[in-house]
DNA sequence: GCCACCTACGCAAACGGTTTCGTGTTAATA
DNA sequence: TATTAACACGAAACCGTTTGCGTAGGTGGC
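Chains as they are written, first to last, in the working numbering: chain A, 1 to 345; chain B, 1 to 345.
Below, the structure is given as structure tokens:
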């Protein structure tokens, strides 16, 4: 087992000082041609690579970014992650991922672990529990320490930092409007408990569209399902008890489940009932019939977040102080039409 | 913006030496009660947390593990990742993820980036290109440097290290056997190009089962699809040109696609044709009909890999030298029966 | 009153680099 | 020949911690 070689080894071996080796390997003008050649050849031969940790300590930057997401087995978050990872990689950054598992405590612990020098900045989507609890002190502490933070998707107004979101309200509004124009009158909404900001926003868009077209708001047509739990019976009852001709779901899992139930109840899709979901993931694509859904452009969100974060990191590193300016970028969602809805105009 | 506080700050403020502060915070017996109390109180007040990077440098261990996978928007890999992350977290480790994107070069670059001190060990699944190219020098270099490595799922015999795999061959064999016992005679295999070891192993199980039951091996019933590319026409032609009564697919995407095609061609599932896929992911669960599939227990694989890696890391850190013993753990796959197959016995 | 021994702390090296600031040698210049 | 500038390199500080060892000061025993 050949040990990792260090500057000290090279210096000792070639009988020069450590600083000379360091400079030679950086091709500094200070060092003579011959010495440089000798050192560089030696370093190449023994495949010298500087120790990242030592450099991090010296430079007070790690070139790591910390990503904290509620779940990793989740199509949307993985696409965002892919965007982050890809962009970060082109800029020479690595990504440390922690999963909060929707838990406030895990989110706090993970942040604290990473905040002590392991990373140069955070990208995160809030855990459900955090949004429910509305306790953002861990985020505030981090930003007060001067660690850049970018929130995406699951954000909050209570923390001053950069954010990337999609126009949830507008997207839902547009979808419902299209359904109405296509002649649907009893449009249902299947959502999560509303502490999740995205669900709340989508619901608002839904209500606004109904109001604008003078359709009655029937709370019986709004189903709140527990997030990430099987609840076959609830949804079944919902479809048995209510008549409707269109359903907007805040995610694709709800949508596909509901389609299955509706089909069993003899509904034809999309003739009798139309379905639209959020998150254009693998399920929407392969569902039968294909599910019309709102593409949240996760990868672009990830790239955008990474870009904002890295720009801030590098700016902080250059200049000393500087007034903080925070941005919120809004990515426009796109409707992907498939067979679960009638042709829109 | 309150700067991160260091030992030096505390020392200066309380007019003691840095080492005294360090020892006091570790509750060392060397330091007097009063001094300890004073220092500890001060540290708590200013929320002192030691700098991870400095500790890493000192201890020559980062408590980071590097994970390199071919793709992150992929159900199986994310479940494995979840297992890794969960286990690592309980042991106080963080996870740095790099995505090779099935590219040999990216795999090499990522490994080299991380190998220079950023991580204590690797967990990885080989990129498709790496398996095709059969060039494993980057892996060998890393292991020769004494960095522990655990391969999972996409492994190779050419590198001596710990491995975690499922019994692909046996699982495929068992599935095909069950299909035969259920009376199926023309069983097709839909696979990827065979440089992927898992596909090759599954194909072997398929062939062995056919042979054992004296069924003819008809190469026309084996369809090789390009991995991760749309190829509607290829598969359509396959189903139009050949009669078959069961199909084993090496992943669930292929399976769901094929089911769709078969349904359009008028086949009834499972009466006329049965489908089985590998990877019991979200698609299998929500497909219509539900897809019988081989659960690869990704999360358990991840936990197992993380456990093996961390044990090795900590053993290396304790004892000095030690003969290397490498294990290959085999996780038993499980068949999840759903509506795409007739009831098995 | 002397020695020995704790107690309680500081010094300094070490981890592996980078970088500033000397400094000795040489050669060019006056 | 004395002065000086350029060149080539080394010493040392620094990033933040840890830790072995040295030591000042106080206490106790004889």
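Idealized CB from N, CA, C, for every residue including glycine.
In the pairwise beta carbon analysis, the segment 96-105 of chain B is classified as not touching the segment 41-60 of chain A: fewer than three pairs are separated by under 8 Å. Judged by DSSP secondary structure, residue 98(A) falls within the beta strand (DSSP E) whose first and last residues are 94-99. Residue environment: residue 120(A) is assigned as buried (16 or more neighbouring CB atoms within 10 Å of its CB, all protein chains considered). Runs of the beta strand (DSSP E) lying entirely within the segment 271-330 of chain A and spanning at least 3 residues, in chain order: 274-278, 292-295. By the Cβ-count criterion, residue 134(A) is exposed, with fewer than 16 other Cβ atoms from all chains shown falling within 10 Å of its own Cβ. Counting only unbroken stretches of 4 or more residues, the alpha helix (DSSP H) elements lying wholly within the segment 102-185 of chain B are 104-115, 128-133, 137-144, 168-181, in sequence order. In the three-state reduction of the DSSP assignment, residue 78(A) falls in the helix class. CA-to-CA, the gap between residue 34(B) and residue 4(B) works out to about 25 Å. Closest by C-alpha distance to residue 68(B), out of 112(B), 32(B), 48(B), is 112(B). In chain order, 340, 341, 342 place their CB closer than 6 Å to the CB of residue 270(A), counting only its own chain and leaving out the 5 sequence neighbours on each side. Between residue 340(A) and chain B, the shortest Cβ-Cβ separation is not below 8 Å. For residue 145(B), the nearest CB of chain A lies under 8 Å from its own CB, placing it at the interface with that chain. Between the beta-carbon of residue 182(B) and that of residue 242(B) there is about 20 Å, and that puts the pair past the 8 Å contact cut.
In the three-state reduction of the DSSP assignment, residue 64(B) falls in the strand class. Of all residues in the segment 82-116 of chain B, only 82, 85, 86, 89, 92, 94, 95, 96, 97, 98, 99, 101, 106, 109, 110, 112, 113, 114, 115, 116 place a beta-carbon less than 9 Å from a beta-carbon of chain A. Looking at the DSSP output, residue 248(A) sits in a beta bridge with 189(A), 276(A).
For the set 14(B), 199(B), 211(B), 167(B), the Cα lying nearest the Cα of residue 226(B) is the one of 199(B). About 7 Å separates the beta carbon of residue 192(A) from that of residue 224(A), a gap short enough to meet the 8 Å contact definition. Counting along the chain, residue 224(B) sits inside the beta strand (DSSP E) bounded by residues 222-225. Per DSSP, the beta bridge partners of residue 335(A) are 294(A).
Straight through space, the alpha carbons of residue 86(B) and residue 303(B) are spaced by roughly 7 Å. Contact check between the segment 54-74 of chain A and the segment 93-101 of chain A: three or more CB pairs, one atom from each, fall below 8 Å, which counts as touching. Membership of residue 242(A) in any alpha helix (DSSP H) is not indicated, and neither H nor E is assigned to it by DSSP.
C-alpha of residue 256(B) to C-alpha of residue 90(B): approximately 37 Å in a straight line. Beta-bridge pairing by DSSP links residue 69(B) to 99(B). A distance below 7 Å between beta-carbons, with the five flanking residues on each side excluded, links residue 185(B) to the following residues of its chain, in chain order: 215, 245. Taking C-alpha positions only, residue 284(B) is separated from residue 286(A) by approximately 10 Å.
Here residue 27(B) carries a coil assignment [DSSP, helix/strand/coil]. Spatial neighbours of residue 162(B) in its own chain (CB-CB distance under 6 Å, excluding positions within 5 residues in sequence) are listed in chain order as 150, 308, 326, 327.
Sorting 101(A), 50(A), 56(A) by C-alpha distance to the C-alpha of residue 74(A) places 101(A) at the top. For residue 20(A), same chain residues with a beta-carbon under 8 Å away, outside a window of 5 residues either side, are 11, 31, 35, 39 in chain order. Residue contact check for residue 305(B) against chain A: no CB pair falls below 8 Å. Per the Cβ contact rule, the segment 14-29 of chain A is not in contact with the segment 163-177 of chain B (fewer than 3 Cβ pairs under 8 Å). Residue 312(B) counts as buried, since at least 16 other C-beta atoms from the protein chains shown sit within 10 angstroms of its C-beta.
By the criterion of a C-beta distance shorter than 6 Å, residue 222(A) is surrounded in its chain by 189, once the five residues flanking it on both sides are discounted. For residue 197(A), the secondary structure class from DSSP, reduced to helix, strand or coil, is helix.
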